Every structure is written in structure tokens, then in C-alpha cells.
Amino acid sequence: MRRYNMKLNPSKCAFSISANKFLGFMVTQRGIEVNPDQIKAIIETPTPSNKKELQHLTDKLVALGRFIARFTNKLRPFFLVLRKADAIGWTNNCQSVFDKIKHYLAQPPILSNPQPGKRLHVYLTISDRVPIRSILHKPDLSGRMLQWAIKLSEYEIEYQPSLFRAENRTRWNGGPYGSTEPPGLQGPE
1 MRRYNMKLNP SKCAFSISAN KFLGFMVTQR GIEVNPDQIK AIIETPTPSN
51 KKELQHLTDK LVALGRFIAR FTNKLRPFFL VLRKADAIGW TNNCQSVFDK
101 IKHYLAQPPI LSNPQPGKRL HVYLTISDRV PIRSILHKPD LSGRMLQWAI
151 KLSEYEIEYQ PSLFRAENRT RWNGGPYGST EPPGLQGPE
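UniProt numbering puts the first residue of the sequence shown at 1, with every later residue one more than the last.
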């Protein structure tokens, strides 16, 4: 910090603390977690009685979206109700989803490190989509290409490198010594 001549305001800094609220989240040694105040606000929220209250509830839930697995799928009934322009159509399905989210936020899953000497249960899932196979069979992929391979594998699209650009460049230039004009636009000969 001295190198860049930076100065810190002691009233805005916190050092050697185990957890602290920052930008609406709890930042701990384990990482970023849900702010308990936000969870409490959602759990104490009554069932929405109109569209405005439902919008307010979904706004609260969207703020916690990164902590809820398959967030958009779980809140789909809410979004379908909001899409309707008329009065609120709060259904039993919406209520059950709301109750499940409250329960999920009240008792989040706990992840812990394996401890030597204790029994470790390994849970496997088997899928016909195998993104890791495509990564391991192409060891030359790195960085950005690896990210795209993972992202495309979700949609069963496999990246296959081609010489498309090189072929087009050669055709466009009329070969290695040809014209620089595109085909069909060459001047009079």
C-alpha cells in the first residue's frame, strides 16, 4: 500500500475478525454466506395478498438467489403469478414453494471437511451427459476454451475446432497470391 501511496480510513476497516456483514452478505473465513437478517425478514414475511406484496417478496428472494439451488425453477410459480396482469392468483403450489424456501433458508445445508477416522459417505450421481469426459479427452484446452467447453456441455453442444477462418481467408484473398477483393467484386481485368 505504501508503494501506491494508499491510505486507509480506520473507521471503515476491520482486521482480524472472524465474520462481518459486507454489502448485505456475511463474509466469513468460509466465504460469502447469507445475512441472517435477510433470512429472518423472509421467514417472518406473511403470505402475499396482492401483486405488490408478491413483487416485494420476490425482490427479497432474488437478493438471496445465489444461495438457493435451482433458484429460478423453484420460484417459477411466483413468476407465473406475477406475469398475469389481473389480481393475485396465489395458489397452493405457490404456498408450498414459499414454505419450502422458508424451511431451506432456516436450515441451510451444512458442508464440512472430512475428518480422519470418521466414516465418509460418498454419494454419486450418474448422468448421460458427461462434461468432464469432453474436458479430459481434450487436454490442449486451457482457460477460456475450457470455460466454453463446460458451458456448452450443459446444452449437449461439443466444441470441434475447424479451419473455417483459415479456409475463408484463403478463399477471400483468392489464394496465397490472389486479389484482396471479395469474390464477385473484383475489378475489370
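Quick reminder that beta carbons are idealized off the backbone N, C-alpha and C, glycines included. Quick caveat: nothing in here was measured; it's all calculated off a predicted structure.
{"Check": "7 Å CB neighbourhood of residue 89 in its chain, flanking five on each side removed", "Outcome": "81"}
{"Check": "Nearest to residue 30 (by Cα), restricted to the options 48, 20, 62", "Outcome": "20"}
{"Check": "C-alpha distance - residue 91 paired with residue 55, whole-angstrom precision", "Outcome": "15 Å"}
{"Check": "Beta-ladder partner(s) of residue 21, from DSSP", "Outcome": "26"}
{"Check": "Span of the beta strand (DSSP E) around residue 34", "Outcome": "31 to 34"}
{"Check": "N-terminal and C-terminal residue of the alpha helix (DSSP H) that residue 121 is part of", "Outcome": "Residue 121 -> no alpha helix (DSSP H), and no H or E assigned at all."}
{"Check": "Cutoff 6 Å; reference residue 98; Cβ partners in own chain excluding five residues on either side", "Outcome": "none"}
{"Check": "Terminal residues of the alpha helix (DSSP H) in which residue 58 lies", "Outcome": "51 to 63"}
{"Check": "Three-pair Cβ contact test at 8 Å for the stretch 27 to 46 versus the stretch 62 to 78", "Outcome": "yes"}
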